[in-house]
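Beneath this line is the structure, given in structure tokens, with notes to follow.
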Amino acid sequence: MCGIVGLFLKDRRLEPQLGELLSDMLITMTDRGPDSGGIAIYGPATDGKAKVTIQSAKPSVDFAELERDLAEAGLPARVAVKSTHAIISVAAARLADVRSVLAAIRPDVRIMSSGDSVEIFKEVGLPRDVIARFDVRSMSGTHGIGHTRMATESAVTTLGAHPFSTGSDQCLVHNGSLSNHNNLRRELVREGMAFETQNDSEVAAAYLTAEMAKGKDLGEALASALDDLDGFFTFVVGTKSGFGVVRDPIACKPAVMAETDQYVAFGSEYRALVNLPGIEDARVWEPEPATVYFWDHEKAA
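Under this note's numbering, think of the first position of the sequence shown as 1, with each following residue one higher.
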């Protein structure tokens with residue numbers, strides 16, 4: 001049992017409140033998963049710039065002089081430290097170089113996310129503590145997703161926490177378990193995908209990344225997942241401009257959605273949504289089994 005939430009803003013006037021709203025939603029789901037918490041925020045992109053969120057078990061060591069060491073390795077960057085995580089900002093053309101440079105100069109750090117707009121923060125502990133540690137409430141953005149975990153099939157670790165990100169500006173949170181993830185992992189490895197954990201949810205994220213690399217948009221990739229993934233699952237997924245939800249054909253994991261002119265929201269339970277603005281006038285429904293729900297800022301524009 002886990003708790004997942006998501007919020008996709010249609011009204012730009014709400015963007016400064018994204019972190020606050022999403023934090024309250026996630027904290028409400030604490031009793032569904034007290035092992036670890038994580039959140040992904042899609043903030044404003046900066047022309048010509050990209051960013052990588054990294055995590056360290058020894059931040060005082062790994063983040064000390066990191067900006068200087070990156071420059072000496074030929075990668076000019078800005079580094080902003082947030083507790084056990086740091087955001088590395090680089091020229092977009094150098095984004096692909098960050099992983100190899102970090103492997104050489106900071107082999108123990110782990111990449112949480114990369115892309116133009118997404119930042120992912122996740123750690124072991126209660127959602128309220130994770131949110132306070134990274135000052136999530138102060139963050140603004142266009143959309144975000146969050147997860148509070150009750151581990152059932154893998155260890156309680158930072159890397160095992162959600163969201164999982166396996167592609168640029170892509171991430172996924174999952175409630176459920178997949179039965180064919182080992183076979184699917186082997187297929188994806190043959191296609192060139194790399195994995196950090198044994199978690200089945202990372203396989204789901206990598207599957208969607210691989211499908212979108214073939215030219216599918218998020219909605220099309222989620223539709224393919226209904227054919228190729230076996231097990232119980234509710235996924236909430238983010239891309240740079242998109243937000244998607246899908247449940248397996250049995251749909252035994254709880255889910256509720258709400259939509260107004262200002263936002264689309266998802267929660268494992270309705271109580272995660274009750275403090276959203278205008279919720280009393282929202283269209284509220286339970287997402288149907290084997291049905292893809294998909295919104296995209298670029299397509300809306």
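Here a beta-carbon is modelled for each residue, glycine too, at the ideal position from N, C-alpha and C.
Residue i and residue j closer than 9 Å at C-beta
| i | j | result |
| --- | --- | --- |
| T46 | S114 | no |
| G33 | G144 | no |
| T53 | F121 | yes |
| R94 | I111 | no |
| I27 | R128 | yes |
| L159 | F235 | no |
| S117 | T142 | yes |
| G231 | E119 | no |
| G146 | G242 | no |
| D310 | V130 | Past the edges of the chain, shown from 1 to 301, lies residue 310, and the structure says nothing about it. |
| E286 | V256 | yes |
| E15 | S140 | yes |
| L273 | V237 | no |
| A92 | K49 | yes |
| V292 | A223 | yes |
| R133 | K82 | yes |
| E123 | A161 | yes |
| D11 | Y263 | yes |
Exposed unless 16 or more other CB atoms sit within 10 angstroms - verdict on residue i
| i | result |
| --- | --- |
| V189 | exposed |
| P163 | buried |
| A282 | buried |
| A250 | Per the sequence shown, residue 250 should be read as Ile rather than Ala. Its Cβ having fewer than 16 others within 10 Å, I250 is exposed. |
| E280 | exposed |
| A301 | With a pLDDT of 49 at A301, under the threshold of 50, the predicted position of this residue should be treated as unreliable, and no value is reported. |
| R247 | buried |
| R106 | buried |
| S179 | exposed |
| E288 | exposed |
| D227 | exposed |
| G74 | exposed |
| D200 | buried |
| D135 | exposed |
| G192 | exposed |
| S56 | buried |
| A103 | exposed |
| A210 | buried |
| K51 | buried |
| A71 | exposed |
Best match in the options for proximity to residue i [C-alpha to C-alpha]
| i | options | result |
| --- | --- | --- |
| A290 | E220, I87, F195 and G43 | E220 |
| T166 | A194, V136 and G141 | A194 |
| E312 | L126, I87 and I41 | No statement about residue 312 is possible, as the shown extent of the chain runs from 1 to 301 and does not include it. |
| Q170 | L21, M29, L22 and I41 | I41 |
| C252 | D11, A77, S177 and A92 | S177 |
| F233 | P277, P254, K240 and V81 | P254 |
| V203 | K216, R185, V79 and Y263 | R185 |
| H85 | E72, A104 and S60 | S60 |
| M212 | S56, F266, K240 and E196 | K240 |
| E269 | H181, L126, G125 and V284 | V284 |
| G125 | D35, A77, Q198 and P277 | D35 |
Whole-angstrom C-beta distance between residue j and residue i, which should lie under 8 Å
| i | j | result |
| --- | --- | --- |
| D69 | N275 | D69 to N275, Cβ: 43 Å. No contact. |
| C2 | N175 | 5 Å |
| F294 | L218 | 6 Å |
| I39 | L21 | With 8 Å as the limit, I39 and L21 do not qualify as a contact, their Cβ atoms being about 11 Å apart. |
| T148 | G37 | 5 Å |
CB contact check: residue i to chain B, cutoff 9 Å
| i | result |
| --- | --- |
| N199 | Given the protein chain composition of this structure (a single chain), no chain B is represented. |
Open item on the list: Threshold first: 3 residues or longer. Then list the beta strand (DSSP E) segments lying entirely within the segment 104–139, N to C.
Closed with: 110–115 and 118–124
TODO: Note down, one range per segment and in chain order, each beta strand (DSSP E) of at least 3 residues found wholly within the segment 41–93.
DONE: 49–55, 78–82 and 85–91
- [ ] Please go through the segment 165–226 and give each complete beta strand (DSSP E) segment of 3 or more residues, from N-terminal end onward.
- [x] Look at the segment 165–226 and you find these whole runs of beta strand (DSSP E), each 3 residues long or longer: 170–178.
Open item on the list: List, from N- to C-terminal side, the beta strand (DSSP E) runs of 3 residues or more that fit wholly inside the segment 242–293.
Closed with: 242–247, 256–259, 263–267 and 283–285
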